[in-house]
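> Residue numbers (the working numbering), protein chains in the order written: chain S, 1 to 300; chain B, 1 to 345.
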Amino acid sequence: MAVYKKTYRPYEGALTASWRRFLVIPRYAFEDLHRSRFLTIFYLASFLYPLIAALIIYVEHNVDALKLLNAQNAANLLSIDTGFFMSFLGWQSMLALFLAAFIGPGQVSPDLANNALSLYLARPFSRAEYILGKLSVLWILMSLMTWVPGLLLFCLEGYLEGPKWMAQHFRIAAGLFLGAWVWILVLSLLALALSAWVKWRPAAGALVFGVFFVVSGFGQVINRVEDTGWGSLLSINTLVGTIWVNVFTGGDAGSNGGAFFRVIPGQQLPAWGCWFMLGVLCLVFLAMLRLKIRGAEVVR
Amino acid sequence: MVPTHGNKPGKGSVSIECGSNTKHKQECLCYGMTDPVIELDGLEVRFGGRPILKKLKASLTGRSIGLLGPNGAGKSTLLNTLLGFHQPSAGTARVLGHDIRTHAREVRALIGYMPENDSFIASMSGVRFVRLMAELSGLPSEQALERAHEAFFYVGLGEVRYRALGTYSLGMKQAAKLAQAIAHGPKLLFLDEPTNGLDPPARTRMIQLIQEIRDRGDLSLILSSHLLRDVEECCDQVLILKDGNIAAYCNLEEERRANRRFLEIETRSDGVPSSCFLEALEKLGCETAQGAQGRIKLVLPEGLEVRRLYAVAAEQNVQIRRLNRKRDSLEDIFLKAMETGNGRL
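1) Just the chain B side, please: which residues come within less than 9 Å of Thr-16(S) by C-beta, in chain order?
2) Using beta-carbon positions only, say whether Leu-33(S) and Thr-40(S) come within less than 9 Å of one another.
3) Rounded C-beta distance between Phe-261(S) and Asn-237(S)? I'm assuming under 8 Å.
4) What does Val-238(B) pair with, by DSSP beta-bridge criteria?
5) For Met-33(B) and chain S, any beta-carbon pair shorter than 9 Å?
6) Alpha carbon to alpha carbon, what distance is there between Ser-93(S) and Ala-167(S)?
7) Give the DSSP-derived three-state secondary structure of Ile-222(B) in the structure shown.
8) Using the beta-carbon count (16 or more within 10 Å), is Gly-62(B) buried or exposed?
9) Might you give, ordered along the chain, the residues of its own chain that have their beta carbon closer than 6 Å to the beta carbon of Cys-30(B), omitting 5 neighbours on each side?
10) Below 8 Å between beta carbons is the criterion; list the residues of the segment 205–223 of chain B that meet it against any residue of chain S, in chain order.
11) Would Thr-102(B) be called buried (16 or more neighbouring beta carbons within 10 Å of its own) or exposed?
12) Less than 8 Å between C-beta atoms, sequence neighbours within five positions excluded: which residues of the same chain meet that for Glu-94(B)?
13) Is the number of C-beta pairs between the segment 103–120 of chain B and the segment 173–186 of chain B that are closer than 8 Å three or more?
14) Under a CB-based cut-off of 9 Å, is Gly-295(S) close to chain B?
15) Check distances from the C-beta atoms of the segment 112–127 of chain S to those of chain B and list, in chain order, the residues that come in under 9 Å.
16) Buried or exposed, going by whether 16 or more other CB atoms sit within 10 Å of the CB of Pro-88(B)?
17) What ranges does the beta strand (DSSP E) occupy inside the segment 133–215 of chain B, keeping only unbroken runs of at least 3 residues that lie completely in it?
18) Between which residues of its own chain and Gly-285(B) is the CB-CB distance below 6 Å, once the five residues before and five after are set aside?
19) When we look at the beta-carbon of Trp-91(S) and count the other beta-carbons within 10 Å, is it buried (16 or more) or exposed?
20) Identify the contact partners of Ala-122(B) in chain S, using a Cβ-Cβ distance below 7 Å as the criterion.
21) Taking 6 Å as the limit between beta carbons, can you name the residues of its chain near Phe-22(S), skipping five residues before and five after?
22) Using a Cβ cut-off of 8 Å, pull out every chain S residue sitting near Ile-182(B), in sequence order please.
23) Given a limit of 7 Å on CB to CB distance, which residues of the segment 261–276 of chain S reach chain B?
24) Do Pro-110(S) and Ala-122(B) come within 9 Å of each other at the CB atom, strictly closer than that value?
25) Pull up the distance between the alpha-carbon of Ala-183(B) and that of Arg-268(B), whole angstroms please.
26) Just to confirm, is the Cβ distance from Gly-104(S) to Ala-204(S) under 9 Å?
27) The beta strand (DSSP E) with Lys-54(B) in it runs from where to where?
28) Determine the chain S residues that contact Gly-185(B) at a beta-carbon separation under 8 Å, and present them in chain order.
29) Counting only beta-carbon atoms, is Met-94(S) nearer than 9 Å to chain B?
30) Can you check the segment 273–311 of chain B for any alpha helix (DSSP H) of at least 4 residues that lies completely inside it and give the ranges in chain order?
31) Could you compute how far the alpha carbon of Arg-216(B) sits from the alpha carbon of Ser-76(B)?
32) Check each residue of the segment 104–120 of chain B: if its Cβ is closer than 7 Å to any Cβ of chain A, include it; give the result in chain order.
33) Rounded to whole angstroms, how far is the Cβ of Gly-171(B) from the Cβ of Asp-199(B), which I believe are closer than 8 Å?
34) Measure from the alpha carbon of Tyr-249(B) to the alpha carbon of each residue in Phe-262(B), Arg-261(B), Cys-235(B), then state which is nearest.
35) Since Phe-262(B) is in the beta strand (DSSP E), which residue starts that stretch and which ends it?
36) When the Cα atoms are used, what is the spatial distance from Ile-264(B) to Ala-122(S)?
Okay, structure coming up:
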């Protein structure tokens with residue numbers, strides 16, 4: 001066992017670069033998350049779909065394997081196209097929503113509940129770095145669930161089809177990357193903002209779902225009553241779905257998003273409106289964080 | 001002559017400037033020899049238009065500075081402003097030469113902060129929490145871990161460092177807060193009410209730790225408290241705030257030195273007129289004043305030892321039954337600073 005001097009001594013050693021100090025927060029957060037068996041199993045389970053998708057891509061290009069399964073016509077049923085990747089992103093993004101609802105509320109609320117913010121911010125560590133550190137916990141986990149396996153699948157398909165296919169379908173790769181990041185950004189900011197305002201973790205988690213389902217329902221009521229499609233501006237999943245269609249296909253009316261993000265035909269919104277609304281929402285979430293992430297609370 | 005403390009404020013802002021009186025001239029000359037720890041340069045902080053700190057102007061040069069004042073005087077606001085938690089509405093301050101407006105990050109890199117309230121993550125073990133804080137201050141992971149262990153042993157929590165902070169007693173939580181404040185080796189320590197809620201043995205231990213840190217001389221410390229005893233035991237200078245103004249600023253060490261010369265003795269003389277004893281004392285260079293029932297107040301001249309008084313008393317056949325030094329100087333200073341114009345508190 002080490003023997004420590006029971007005396008105070010100043011520190012004169014080297015310091016880490018200030019630009020990467022925010023990465024300390026995700027490192028500690030991952031250690032904590034790793035202790036939760038449920039989260040570990042859930043996270044591992046989230047890679048099932050990418051594995052199945054990889055298998056489908058492999059089988060689709062392997063005639064021998066299809067013959068072995070006596071399903072030579074299956075290749076005609078499975079088409080690895082924009083819809084395939086949008087469905088993949090849609091499913092994985094829905095799992096990311098569950099993940100954000102589970103771990104998002106535990107990011108800021110314990111620090112607020114324990115008055116730890118004054119200790120974080122009394123160091124050479126800014127509010128922006130604190131928020132960035134907390135966001136990066138969600139960004140890293142959600143990236144590994146969405147665009148990273150998405151791009152790996154794209155590369156697998158490109159490898160099996162050849163470089164010409166990759167060049168022709170480059171928009172899919174861009175769509176996977178951009179589309180996933182739009183979702184990750186909105187979702188992580190929402191989860192963090194709610195974590196900062198609702199100290200009770202289960203309530204904050206429920207509120208993440210509430211924002212999607214209750215507010216979306218309210219938007220649908222507006223659509224019905226006013227006989228318009230603009231009520232969908234309140235539905236974050238519709239906004240994201242519309243943007244996905246935009247980035248994957250350039251606004252092709254034939255595609256309508258994937259899974260939870262499917263855009264209801266006849267209620268399509270202009271892409272610029274969705275970008276604008278998501279931008280406004282992100283600013284609102286940032287403002288919510290700015291109000292709560294403070295070294296000392298001011299009582300006016 | 002009974003020594004007077006620092007300047008007494010008028011209404012509004014107060015400047016601690018050289019030349020306001022002889023006492024301050026001496027102080028300024030003395031302080032000029034060292035760089036100021038904190039310079040307040042017309043610092044004003046407003047919350048919702050209401051001034052909380054009113055154009056404070058002072059240069060604090062002590063190694064350990066006490067920040068005294070009643071609740072709501074602005075002590076915590078001043079510390080929070082120096083840490084960059086509040087933006088000054090006017091003026092500025094410099095901490096160890098760094099402007100808090102333009103070099104907030106550098107300022108915070110120099111400071112270790114022990115807040116008044118419970119501040120930690122309850123589910124974390126003590127050593128892991130202190131390590132996290134040290135890493136956020138810029139220490140590499142291994143060094144942060146080593147210093148976290150050292151800090152915990154130093155504050156006397158070595159045996160409980162792997163326990164969750166939420167299970168600590170109040171005294172242990174205070175010590176853990178001190179550990180996180182010193183783990184990264186700051187140059188300046190902000191201690192906000194460090195003995196809050198501690199029982200007497202825990203308080204004594206905390207005061208001893210603070211004195212030990214102070215006496216090592218590696219860092220300066222600012223101790224904010226409304227407990228005069230804490231400040232008196234740990235600080236060599238004191239800044240007293242009242243309603244966001246500087247009510248007084250003085251050097252406690254000088255006060256103590258001066259008070260050591262101020263004595264009150266009670267005598268009994270069988271048939272010998274006490275005036276003879278007084279004359280003998282004045283011949284030694286003492287300033288004297290006679291009270292009732294054989295009581296004499298006197299100020300010893302420099303270089304005169306108290307034992308000489310006993311010798312003179314023996315020569316004059318006078319018994320010295322009691323000898324008191326002047327005490328509670330800080331309380332006097334504080335009460336005087338808190339007095340309103342009509343003499344009430």
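In this text, a Cβ means the ideal position worked out from N, Cα and C, and glycines have one as well.
Inspection of the coordinates gives the following:
1) On the first sequence, position 16 is the one that residue 16(S) refers to. Within 9 Å Cβ-Cβ: Glu-135, Gly-138, Leu-139, Pro-140, Ser-141.
2) For the purposes of this step, residue 33(S) is taken as the residue at position 33 of the first sequence. For the purposes of this step, residue 40(S) is taken as the residue at position 40 of the first sequence. Their beta carbons are under 9 Å apart, which means Leu-33(S) touches Thr-40(S) by this criterion.
3) Looking up residue 261(S) in the first sequence gives position 261. Looking up residue 237(S) in the first sequence gives position 237. Phe-261(S) to Asn-237(S), Cβ: 5 Å. Contact.
4) Numbered from its first residue, the second sequence carries residue 238(B) at position 238. Answer is Gly-66(B), Cys-250(B), bridged to Val-238(B).
5) For this step, residue 33(B) is matched to residue 33 along the second sequence. Summary for Met-33(B): the model assigns pLDDT 44, below 50, so the residue's position carries little reliability; its value from the coordinates is reported in the next sentence. Contact with chain S is absent for Met-33(B), since none of that chain's Cβ atoms lies less than 9 Å from the residue's Cβ.
6) Here residue 167(S) refers to the residue found at position 167 of the first sequence. Here residue 93(S) refers to the residue found at position 93 of the first sequence. Each residue's Cα considered, the two are about 25 Å apart.
7) Here residue 222(B) is taken as the residue at index 222 of the second sequence, counted from 1. Here DSSP, grouped into helix, strand and coil, assigns Ile-222(B) to strand.
8) Here residue 62(B) refers to the residue found at position 62 when the second sequence is read from its first residue. The C-beta of Gly-62(B) has 16 or more other C-beta atoms within 10 Å across all chains shown, which makes the residue buried.
9) Counting from one through the second sequence, the residue named residue 30(B) turns up at place 30. Since pLDDT at Cys-30(B) reaches only 38, below the 50 mark, its modelled position is unreliable, and the value read off the structure follows with that caveat. There are no such residues.
10) From the segment 205–223 of chain B, only Glu-212, Ile-213, Arg-216, Asp-218, Leu-219 have a Cβ closer than 8 Å to chain S.
11) One-based indexing of the second sequence puts residue 102(B) at position 102. Exposed: under 16 other Cβ atoms inside 10 Å.
12) Stepping through the second sequence from its first residue, residue 94(B) is reached at position 94. Here residue 94(B) is Arg; the residue named in the question, Glu, does not match the sequence. Pro-36, Ile-38, Glu-39, Asp-41, Ile-100, listed in sequence order.
13) In short, these stretches touch, since the Cβ pair count reaches three.
14) The residue labelled residue 295(S) in the question sits at position 295 within the first sequence. It does: the Cβ of Gly-295(S) has a partner Cβ on chain B nearer than 9 Å.
15) Listed by position, the residues of the segment 112–127 of chain S near chain B (Cβ gap below 9 Å) are Ala-113, Asn-114, Asn-115, Ala-116, Leu-117, Ser-118, Leu-119, Tyr-120, Leu-121, Ala-122, Arg-123, Pro-124, Phe-125, Ser-126.
16) Mapped onto the second sequence, residue 88(B) falls at position 88. Counting Cβ neighbours within 10 Å, Pro-88(B) comes out buried, since at least 16 surround it.
17) Counting only unbroken stretches of 3 or more residues, the beta strand (DSSP E) elements lying wholly within the segment 133–215 of chain B are 188–192, in sequence order.
18) Your numbering for residue 285(B) matches position 285 in the second sequence. Contacts found: Pro-301.
19) On the first sequence, position 91 is the one that residue 91(S) refers to. Taking all protein chains shown into account, Trp-91(S) has 16 or more neighbouring C-beta atoms within 10 Å of its C-beta and is therefore buried.
20) Taking the first residue of the second sequence as position 1, residue 122(B) is located at position 122. Listed along the chain, the chain S residues whose CB falls inside 7 Å of the CB of Ala-122(B) are Asn-114.
21) As a position in the first sequence, residue 22(S) is number 22, starting the count at 1. Beyond the five residues adjoining it in sequence on each side, Phe-22(S) comes within less than 6 Å, by CB distance, of Glu-129, Leu-132, Gly-133 in the same chain, given in chain order.
22) Here residue 182(B) refers to the residue found at position 182 when the second sequence is read from its first residue. Tyr-8, listed in chain order.
23) Listed by position along the chain: nothing, the set is empty.
24) As a working mapping, residue 122(B) is identified with position 122 in the second sequence. As a working mapping, residue 110(S) is identified with position 110 in the first sequence. When the beta-carbon positions are compared, Ala-122(B) and Pro-110(S) come within less than 9 Å of each other.
25) Translated into positions along the second sequence, residue 183(B) becomes position 183. Translated into positions along the second sequence, residue 268(B) becomes position 268. Cα to Cα, Ala-183(B) sits roughly 58 Å from Arg-268(B).
26) As a working mapping, residue 104(S) is identified with position 104 in the first sequence. As a working mapping, residue 204(S) is identified with position 204 in the first sequence. In contact: Gly-104(S) and Ala-204(S) (Cβ atoms closer than 9 Å).
27) The count along the second sequence starts at 1 and reaches residue 54(B) at position 54. 50–60 is the span of the beta strand (DSSP E), which, as asked, contains Lys-54(B).
28) Taking the second sequence and counting its residues from 1, the one referred to as residue 185(B) is at position 185. Around Gly-185(B), the beta-carbon contacts reaching into chain S at under 8 Å are Arg-9, Pro-10, Tyr-11, Glu-12.
29) Position 94 of the first sequence holds residue 94(S). So, not an interface residue.
30) DSSP assignment within the segment 273–311 of chain B yields the following whole alpha helix (DSSP H) runs of 4 residues or more, N-terminal first: 274–283.
31) Position 216 of the second sequence, counting from 1, holds the residue named residue 216(B). Position 76 of the second sequence, counting from 1, holds the residue named residue 76(B). Counting only the Cα atoms, Ser-76(B) lies some 26 Å from Arg-216(B).
32) Checking the listed chains, one finds no chain A in this structure; the protein chains it contains are S and B.
33) The residue labelled residue 171(B) in the question sits at position 171 within the second sequence. The residue labelled residue 199(B) in the question sits at position 199 within the second sequence. The Cβ separation is near 7 Å, so the contact holds.
34) Stepping through the second sequence from its first residue, residue 249(B) is reached at position 249. Considering only Phe-262(B), Arg-261(B), Cys-235(B), the residue with the shortest C-alpha distance to Tyr-249(B) is Cys-235(B).
35) Reading the second sequence from its first residue, position 262 is the one you call residue 262(B). Where Phe-262(B) is concerned, the enclosing beta strand (DSSP E) starts and stops at 262–269.
36) Position 264 of the second sequence, counting from 1, holds the residue named residue 264(B). Position 122 of the first sequence, counting from 1, holds the residue named residue 122(S). Checking the displayed sequence, the identity of residue 264(B) turns out to be Glu instead of Ile. About 48 Å.
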